[in-house]
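Have a look at the structure below, then the notes.
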Amino acid sequence: MSAPDVQPVSLPDDQQPPRSRQKTTRYKGISRIDHKRTHGYFARVSWEGRVHSKLFSDKKHGDRLAALAAALEWRDEMEKQLGKPRTEEMVFGKAVAGSSKIGIHKRVKDGRLVYEATWREGQKVKRTSYSIRKHGEKKARALAIAARERAQARKLAARYGDAVGSVRSQKLRGGCP
């Protein structure tokens, strides 16, 4: 006698234990909060060292999807106000400990000290290095920084056009409000 086919019981998402619930958002800067009496989406926008955040509760917006839509709309509007380019990937990260620049590392490569610049192009990590022995400490570091900045500028120009790159460079030089 064969055993009857038994289908596993599937609980509604809100009754699932927290670890087994599916992530409800895959949007950059948007997090779901389900804790005691707080239910909603928390939106964050980080730009130029400042973090702007706001909670969009399910109750205030009617339901979960309306709260998500409001959070996305707020995030996009805040990025426009701040002049931040819209992207789902991290454009500028944090500097590695001991380095004052993002994507710049001092390391040993083939037995020699170098400054290495790294950046992403699509799904690939690109890198180039400059010998400290050949160029000297300051120049090797400066060359690595310049290489990374060129790569980042190309990436932004390809995605958003030259306007973003020129606005960002003007801000860095103090030319924009």
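In this note's numbering, the protein residues as written are 803 to 979.
Cβ coordinates follow ideal geometry from the N, Cα and C atoms, glycine included.
Nothing here was measured: the structure is a model prediction, and the numbers come from that model.
Closest residue to residue i among the options (Cα-Cα distance)
i, options, result
"T920", "K928, R909, R846", "K928"
"K940", "E890, P887, I906", "I906"
"A953", "Y932, A944, R922, I934", "R922"
"K861", "A873, K936, T840", "T840"
"R943", "K830, V916, K886", "V916"
"A845", "L867, D865, E875, K838", "E875"
"G938", "K886, R961, A955, R914", "R914"
"R888", "E951, I934, Y829, A948", "Y829"
First through last residue of the beta strand (DSSP E) which encompasses residue i
i, result
"D836", "832-837"
"I947", "It is not in any beta strand (DSSP E) - I947 instead sits in the alpha helix (DSSP H) that spans 939-962."
Three-state secondary structure (DSSP) of residue i
i, result
"R877", "helix"
"I906", "strand"
"K936", "helix"
"K882", "helix"
"G976", "Caution applies to G976, whose pLDDT of 49 falls short of 50 and renders its modelled position unreliable; the value that the coordinates give is listed next. Coil."
"R914", "strand"
Assumed close pair residue i, residue j - CB separation to whole angstroms, cut-off 8 Å
i, j, result
"M880", "H863", "With a Cβ gap of about 17 Å, M880 and H863 do not count as contacting."
"I832", "A873", "5 Å"
Opposing strand residues paired with residue i [DSSP bridges]
i, result
"A845", "I832, K856"
"K861", "Bridge partners of K861: none, in fact."
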